[in-house]
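Encoded as structure tokens, the structure appears first; notes follow it.
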RNA sequence: GGAGAGAUGGCAGAGCGGUUUAAUGCGGCGGUCUUGAAAACCGUUGUCCUUCACGGGACCGGGGGUUCGAAUCCCUCUCUCUCCGCCA
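Residue numbers (our numbering): 5 to 429.
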């Protein structure tokens, strides 16, 4: 959520920047400013009446104490009249604030200066590439076939027990998952992240705080009985730790890491996009989250980018980094880098990480502030990134490392898996 | 799931209809004293809205109600604690 006073002071700038996200804000901004004007004048009016009412109540108290009953009655009558005025104003104010909030929440975050205009993911800018595209044999298999050939992931079993997009990992497949999770967590710990294990269900306030609600309600699984949502990413619980919190400047930056299952309904997905591990309803992810001062947040974004790059390097996967264009960067993000690995049998790039700076967009929603050394309350900046999402890493690893001998486990992961290759048992 | 108790400022804790602009203690910050520190003493100590400013208003877990006036009374939700039941 953008700050009201910022919108007021930078009306044209807001509209211009949002056009980069293909969002026409002109009308909305006008409505917001006009509603805010109404809010201010109504508030002023209400406050004046309340001040008067407070004054009268005090008088009544004093008069009663002095035994001047009839005079007190007189004032009480006046006060009663005032009461209906106050009640009306309160209702009006509530209405105005409600519609103001509804409008305010519709405005996306402003894209960072470096974000270029663009319609879709096709306009994302490749800013970095590393690693060699493997040349596979003619008879190379896509990962879903490798998965069943070596009996390490069972998609059909998942469909039977739950539904499509909920695979079983089995044997070395399951052990590989566990190895990757531990590897990712340990790498983050080396960078001074604090490890958390968050709840997998969150309430409505948390969903609002990070921006999943009200917009993307349909993307989350909802447990109606208890009004809880299954998390689409650990970002939600981990960032919401700080909802309505005032930190100290010395606490920053806060670096948290969490492994969690992630649940996404992915309504409307179809075709080759959802084949095998490419898109699941439940998957595993290690997420890094940082809370920072505004001055440092872009430096930290680079640091997080470097962290994710190092992980992919250690896993020996060819990858590239994209700076998302205005049309593809998410509602809440100011700047996002996507990481894609090359999955050589599918011959396509798969997104395995998304690293974003939300600036104070989430902070403003969840009132996450810190007290500066001068004693001022300032909205913090929030950042997060996948480090990393497992399924597509596994997909690329299986495909890229296949040979007649089986599937080779990257050197640095062998300590974690306890085996060097996946072969026919 | 059943029965009971509770939620007050960074923390502890009083207040149970009108000098509460929320007592008091601890902690934090500033000062006096001291070569320095401690102790002692004095002062200060939240968030938000509004205003150029003076000022005004809101906030005692959330929401609603009673009243001229609510931290205080009523309703409701959430959470915490104790006991019982169930349970990895």
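The beta-carbon is built from N, C-alpha and C at its ideal position, and this holds for glycine as well.
Query raised in the report: Between residue 155 and residue 177, is the Cβ-Cβ spacing less than 9 Å?
Result: Yes; because the gap between Cβ atoms is below 9 Å, this pair is in contact.
Query raised in the report: For the beta strand (DSSP E) that contains residue 410, what are its first and last residues?
Result: Start and end: 410-412.
Query raised in the report: Going by the CB atoms, is the gap between residue 304 and residue 261 shorter than 9 Å?
Result: No, these two residues do not count as a Cβ contact at 9 Å.
**Report entry** Cβ neighbours of residue 365 in the same chain (closer than 6 Å, five flanking residues each side left out)
**Finding:** Closer than 6 Å at the Cβ level, and outside the excluded window around residue 365, lie 113 and 336.
Report task. Taking 9 Å as the cut-off, decide whether the C-beta atoms of residue 489 and residue 236 are in contact. Result -> One cannot answer for residue 489 here, as it falls past the ends of the chain, which runs 5 to 429.
Report task. Starting from the Cα of residue 369, find the closest Cα among 348, 234, 322 and 211 and give me that residue. Result -> When each option's Cα is compared against that of residue 369, the closest is 211.
Query raised in the report: Roughly how many whole angstroms lie between the Cα atoms of residue 418 and residue 29?
Result: Taking the straight line joining both Cα atoms gives about 52 Å.
Query raised in the report: Is the beta carbon of residue 129 sitting closer than 9 Å to the one on residue 331?
Result: In this structure, residue 129 sits away from residue 331, with a CB-CB distance that is not shorter than 9 Å.
**Report entry** CA nearest to the CA of residue 47, picked from 201, 268 and 101
**Finding:** Minimum Cα distance to residue 47 is reached at 101.
Requested in this report: Work out the CA separation of residue 209 and residue 64 for me, nearest whole Å.
Outcome: If you take the alpha carbons of residue 64 and residue 209, they lie about 42 Å apart.
**Report entry** Nearest-angstrom Cβ-Cβ length linking residue 307 and residue 323, presumed shorter than 8 Å
**Finding:** By a beta-carbon distance limit of 8 Å, residue 307 does not contact residue 323. Their separation comes to about 18 Å.
Query raised in the report: Distance, Cα to Cα, residue 80 vs residue 96?
Result: Spanning the two alpha carbons is a distance of roughly 25 Å.
Query - DSSP state of residue 386 mapped onto helix, strand, coil - result: It is a strand residue.
Query raised in the report: Does the beta-carbon distance from residue 282 to residue 372 come in below 9 Å?
Result: No.
Query raised in the report: Which residue from 39, 426 and 359 puts its Cα closest to that of residue 291?
Result: It is 359.
Query raised in the report: Which whole-angstrom value is the C-beta distance of residue 271 and residue 228, which I expect to be below 8 Å?
Result: About 17 Å separates the Cβ atoms of residue 271 and residue 228, ruling out a contact at the 8 Å cut-off.
Report task. Note down, in chain order, each residue of its chain lying with its Cβ closer than 8 Å to the Cβ of residue 256, except the 5 sequence neighbours on either side. Result -> Here the set comprises 295, 296, 297, 300, 374 and 384.
Query raised in the report: Identify the residues that DSSP records as bridge partners of residue 260: which are they?
Result: 198 and 293, per the DSSP bridge assignment.
Requested in this report: Please classify residue 61: does DSSP put it in a helix, a strand, or coil?
Outcome: The answer is helix: DSSP assigns residue 61 an H, G or I state.
**Report entry** For residue 253 and residue 377, the rounded distance between their alpha carbons
**Finding:** Between residue 377 and residue 253, the C-alpha separation is close to 7 Å.
Query raised in the report: Any idea which residues DSSP pairs residue 326 with across the strands?
Result: For residue 326, DSSP records a beta bridge to 130 and 342.
Query raised in the report: Using the C-alpha atoms, what's the distance from residue 422 back to residue 285?
Result: A straight-line Cα-Cα distance of about 29 Å links residue 285 and residue 422.
Query raised in the report: Would you say residue 392 and residue 357 are within 9 Å of each other, going by their C-beta atoms?
Result: In this structure, residue 392 lies near residue 357, with their beta-carbon atoms less than 9 Å apart.
Report task. Identify, in the order they occur along the chain, each residue of the same chain with its Cβ nearer than 6 Å to the Cβ of residue 361, setting aside the five sequence neighbours on each side. Result -> Residues of the same chain with a CB within less than 6 Å of the CB of residue 361, apart from the 5 flanking positions on each side, are 301, 305, 338, 339 and 387 in chain order.
**Report entry** Sub-9 Å separation of residue 355 and residue 414 beta-carbons
**Finding:** Result no, Cβ atoms of residue 355 and residue 414 do not sit closer than 9 Å.
Requested in this report: Please classify residue 9: is it buried, with 16 or more other beta-carbons within 10 angstroms of its beta-carbon, or exposed?
Outcome: It counts as exposed.
Requested in this report: Could you name the residues of the same chain whose beta carbon sits closer than 7 Å to that of residue 196, not counting the 5 residues immediately before and after it, in chain order?
Outcome: Around residue 196: 259.
Query raised in the report: Under the DSSP definition of a beta bridge, which residues are partnered with residue 381?
Result: DSSP, once it has assigned bridges, lists 375 as partnering residue 381.
**Report entry** Burial state of residue 341, where buried means 16 or more other Cβ atoms lie within 10 Å
**Finding:** Burial check for residue 341: the Cβ neighbour count within 10 Å reaches 16 or more, so the residue is buried.
Query raised in the report: Expressed to the nearest angstrom, what Euclidean distance is found between the alpha-carbon atoms of residue 139 and residue 310?
Result: Computed Cα separation, rounded: 27 Å.
Query raised in the report: Using the C-alpha atoms, what's the distance from residue 328 back to residue 173?
Result: Whole-angstrom Cα-Cα distance: 32 Å.
Query raised in the report: Should residue 241 go down as buried or exposed, given a rule of 16 or more other Cβ atoms within 10 Å for buried?
Result: That one is buried.
Requested in this report: Pick out the complete alpha helix (DSSP H) segments inside the segment 144-206, 4 residues or longer, and give them in chain order.
Outcome: Unbroken alpha helix (DSSP H) stretches of 4 residues or longer found wholly inside the segment 144-206: 147-153, 159-165 and 176-194, given in chain order.
Report task. Return the residue from the list 277, 389, 289 and 54 that minimises the CA-CA distance to residue 347. Result -> Minimum Cα distance to residue 347 is reached at 277.
Query raised in the report: Does the Cβ-Cβ distance between residue 132 and residue 313 come in under 9 Å?
Result: In this structure, the beta-carbon distance from residue 132 to residue 313 falls below 9 Å.
Query raised in the report: Within 8 Å: the Cβ of residue 394 and any heavy atom of the ligand SAH?
Result: Questions concerning the ligand SAH fall outside what the structure shown contains, since it holds no ligand whatsoever.
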